[in-house]
Each structure stands twice: as C-alpha cells, then as structure tokens.
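**Q** Got a structure for you, written out below as structure tokens; questions coming shortly.
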Amino acid sequence: MSDKGAGNHSDVTGFILVGFRVRPELHVLLFLVFLLVYGMVLLGNIGMMAIIVTDSQLNTPMYFFLGNLSFIDLSYSTVIAPQAMVNFLSEKKTVSFVGCAAQLFFFTFFIVTEGFILAAMAYDRFIAICNPLLYSVHMSRRLCSQLVAGSYLCGWLSSILQVSITFSVSFCASRVIDHFYCDSYQIEKISCSNLSVNKMVSLSLAAFIILPTIVVIVVSYMYIVTTVLKIPSRDGRKKAFSTCSSHLGVVSLLYGTVSFVYLTPPSNPELRKVASVFYILVTPMLNPLIYSLRNKDVKQAWLASR
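The opening position of the sequence shown corresponds to residue 1 in the UniProt record's numbering, with each subsequent residue numbered one higher.
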C-alpha cells in the first residue's frame, strides 16, 4: 500500500489517514476519549476568554496575552480533533488534498504563534518583576498589541512556507498518511521527490521559531530568578515567583511534549501519535486549569461571575 515504486502521481485529490493502529472496536473508545478531552478544551478556554473579557480587573497585559493563548489553544485543537473524531467512526478515513493542506496550514499557524506568545508572556513577567516601577511604561497597550500581532504574523509566514514546501512535492501511488492528522513529516514520507530542500527549510523554520522564543524565555527567567533571590523576605520571594510559575508550567508542557514527539524514533510511529495527543489536546486542556488554580485574580473573577 505504501509502495513508492508504484508510480509518480502529483495529481493527488485526497489522502487516507491511518489513525491509531488498534482493533476496530477500540475506535469508539478513542472517539469518546477525544470527545471528552476536546469538550474540556472548549469549556476551559472559552471560559477563560469570557472571564478575561468581562472582568475589568483583568484588563492588564498579562491577561491580554493569556486571552490570546486560550484562543490559540482552542483553535489548534479544533483544527485537529473534530476531523480525528469523524475518522474514528468512519470506514474510509479520508481527507481531501485541500482539506489536508488547510489543516497543516492552520495547525502550523497556531502552534508557531503560541511559541511567540509564550515568549511575549515571559518578557512581560520579566518587566513586572525586574522593573515593576516602569511596568506601565514598558508594557503599554500599543507594545502588547504589536507583540501579539507580530506573533500572528510569524505564525502566518511560517505556515505559508511550511505548506508550500510540503505540498510542492510529487506523490507516489500511496495516499496513506500514517497519522491521525496531516503531519508534514508523514506527508513527505509518501513523496517520490528529493526532500533535501524540504528538510533544509524545515530545519531553518525550526531554528527561526524555537531558538528566538527559547532564548527570550530562558534569558527572561534568568533575570527573574536573580531578582527574586535578592528579595530579603521569604514571603516576598514566594509572592514574586508565584506570578510566573503558571507561565513556566505552560511553557514546560508545550515544549516538553513537542520535543518528545520529534525526539521519538521514526521507527515507533504509534508512540509519536500518542505523544501528539498531548500537545494537541492535553496541553490545551491543562493550560486554563494551570492559570485558574494558581492565580488568585482568575479565581476571584470566576467566583464573582457566578
């Protein structure tokens, strides 16, 4: 079925998504698990956005970024989860060429944007803790809007380039993608073209996306830790660090799960699929919980809205 020598067909009209290689009777269980987790993603992130929009006390840069983070989490889960759930209950498990390209485009767009939003949030926490007296000057509404707009722009440019290079190849007779969504790595595996340019572009994109965001996050927290350790009182240090512990948890979740996916050996595709579920569904589900459980402002806003 995946015989690359069967021919060279660039006029592909659709693909088959293998999904998880489990017994057919387990597909219903997978559907129910995805439905439950996706429902919690919707509830948590829509609830977080509603609280931030309706509560005037949360009209600050940190919650402006957090509202965008919730929107992005909700969006990239929505790009993947509904299609996966439909395929669990379908015999054909097909996706059109345009649908596959659109899924890859929007998933790349939102996941890249999230990386830059997290970097902007790290910078926000750096200013809040290391330069609190100048916080309102440095983190103006205009700068926050520019950081968010720049994050979306980087996501858009990256997704355009990723989709263009992924679907510029010629495909073999096989249309089978060994994943539950249109993953660029699996799409390239069924190509008959020379992928050296694709690999170079993908590596360059990874360096462009990951290195700057990680540098901003790491440097910001180096300054934050140094500043917090200089605070004389234990309660003061605890209070200062609690303002950024939620962000650290979210960063660790996203980068930890994504790294695990791409460090997993290609010879174990099922493990890569399971790991993908974590950053597609589990991380967006946990992010609102992390911020609501460890944030007094969000708790108070939630109680006031009831």
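Just so it is clear, CB atoms sit at the ideal spot from N, CA and C, and this is done for glycine as well.
Counting pairs of beta carbons, one from the stretch 71–84 and one from the stretch 159–176, are three or more of them closer than 8 Å?
**A** No contact exists between the stretch 71–84 and the stretch 159–176.
**Q** Roughly how many angstroms lie between the CA atoms of A240 and Y255, to the nearest whole one?
**A** Position 240 of the sequence shown, counted from the start, is the residue given in the question as residue 240. Position 255 of the sequence shown, counted from the start, is the residue given in the question as residue 255. In a straight line, the C-alpha of A240 is about 24 Å away from that of Y255.
**Q** Name the residue from C182, S245 and R272 whose alpha carbon lies nearest to the alpha carbon of T257.
**A** As a position in the sequence shown, residue 257 is number 257, starting the count at 1. When each option's Cα is compared against that of T257, the closest is R272.
**Q** Taking buried to mean at least 16 other C-beta atoms within 10 Å of its own C-beta, is M200 buried or exposed?
**A** Within the sequence shown, numbered from 1, the residue matching residue 200 stands at position 200. So M200 ends up on the exposed side.
**Q** Taking 6 Å as the limit between beta carbons, can you name the residues of its chain near P269, skipping five residues before and five after?
**A** The residue given as residue 269 occupies position 269 in the sequence shown. Same-chain partners within the cutoff: D178.
**Q** Mind checking M222: buried by the 16 CB within 10 Å criterion, or exposed?
**A** Here the question's residue 222 lines up with position 222 in the sequence shown. So M222 counts as exposed.
**Q** Compute the beta-carbon to beta-carbon distance between S191 and L104, rounded to the nearest angstrom, for a pair I have assumed lies under 8 Å.
**A** What you label residue 191 is simply residue 191 of the sequence shown in a count that begins at 1. What you label residue 104 is simply residue 104 of the sequence shown in a count that begins at 1. Not a contact, Cβ separation roughly 14 Å.
**Q** Can the beta-carbon of N68 be found closer than 7 Å to that of I117?
**A** Position 68 of the sequence shown, counting from 1, holds the residue named residue 68. Position 117 of the sequence shown, counting from 1, holds the residue named residue 117. In contact: N68 and I117 (Cβ atoms closer than 7 Å).
**Q** In three-state terms, what does DSSP make of F15?
**A** For this step, residue 15 is matched to residue 15 along the sequence shown. Strand at F15.
**Q** Would the beta-carbon of S158 fall within 7 Å of that of V215?
**A** As a first step, residue 158 is located in the sequence shown; it is residue number 158 there, counting from the start. As a first step, residue 215 is located in the sequence shown; it is residue number 215 there, counting from the start. No; because the gap between Cβ atoms is not below 7 Å, this pair is not in contact.
**Q** Using the Cα positions of S145 and P61, report the straight-line distance between them to the nearest angstrom.
**A** As a first step, residue 145 is located in the sequence shown; it is residue number 145 there, counting from the start. As a first step, residue 61 is located in the sequence shown; it is residue number 61 there, counting from the start. Each residue's Cα considered, the two are about 9 Å apart.
**Q** Rounded to whole angstroms, how far is the Cβ of V94 from the Cβ of I16, which I believe are closer than 8 Å?
**A** Numbered from its first residue, the sequence shown carries residue 94 at position 94. Numbered from its first residue, the sequence shown carries residue 16 at position 16. Per the sequence shown, the amino acid found at residue 94 is Thr instead of Val. Yes, T94 and I16 are in contact; Cβ-Cβ is about 6 Å, under 8 Å.
**Q** Can you list the alpha helix (DSSP H) stretches of 4 or more residues lying completely in the stretch 147–190, in chain order?
**A** For the stretch 147–190, whole alpha helix (DSSP H) runs of length 4 or above, ordered along the chain, are 184–189.
**Q** Applying the 10 Å Cβ sphere with the 16-neighbour rule, what's the burial state of P284?
**A** Looking up residue 284 in the sequence shown gives position 284. Buried, because 16 or more other Cβ atoms sit within 10 Å of the Cβ of P284.
**Q** Is the stretch 118–127 close to the stretch 28–42, with three or more CB pairs under 8 Å?
**A** Verdict: no, contact absent.
**Q** Just to confirm before moving on: does the CB-CB distance between G19 and S96 stay below 7 Å?
**A** To locate residue 19, count along the sequence shown from 1; it is residue 19. To locate residue 96, count along the sequence shown from 1; it is residue 96. No, the pair does not count as a contact, with Cβ atoms beyond the cut-off.
**Q** DSSP state of S90, grouped into three classes?
**A** The residue you call residue 90 lines up with position 90 of the sequence shown. Reduced to three states, the DSSP call for S90 is coil.
**Q** Exposed or buried, what is T54 when buried is set at 16 or more other beta-carbons lying within 10 Å of its beta-carbon?
**A** The sequence position of residue 54 within the sequence shown is 54, counting from 1. T54 should be labelled exposed.
**Q** Going by C-alpha to C-alpha distance, which of N45, Y279 and I224 sits closest to S70?
**A** For the purposes of this step, residue 70 is taken as residue 70 along the sequence shown, with counting starting at 1. Ranking the options by Cα distance to S70, first place goes to N45.
**Q** Whole-angstrom Cβ separation of L205 and Q162, contact assumed at under 8 Å?
**A** Position 205 of the sequence shown, counted from the first residue, corresponds to residue 205. Position 162 of the sequence shown, counted from the first residue, corresponds to residue 162. Correct: roughly 6 Å between the Cβ atoms.
**Q** Give me whichever residues DSSP pairs with S96 in a beta bridge.
**A** Position 96 of the sequence shown, counted from the start, is the residue given in the question as residue 96. Partner(s): G14.
**Q** Could you spell out the range, first to last residue, of the alpha helix (DSSP H) harbouring Y135?
**A** Here the question's residue 135 lines up with position 135 in the sequence shown. Y135 to H138 is the extent of the alpha helix (DSSP H) around Y135.
**Q** Cβ atoms of S246 and I290: under 7 Å apart, would you say?
**A** Translated into the one-based positions of the sequence shown, residue 290 becomes position 290. Translated into the one-based positions of the sequence shown, residue 246 becomes position 246. Taking 7 Å as the Cβ cut-off, I290 and S246 qualify as a contacting pair.
**Q** Helix, strand or coil for residue 357 per DSSP?
**A** Residue 357 lies beyond the range of the chain shown here (1 to 306); nothing can be said about it.
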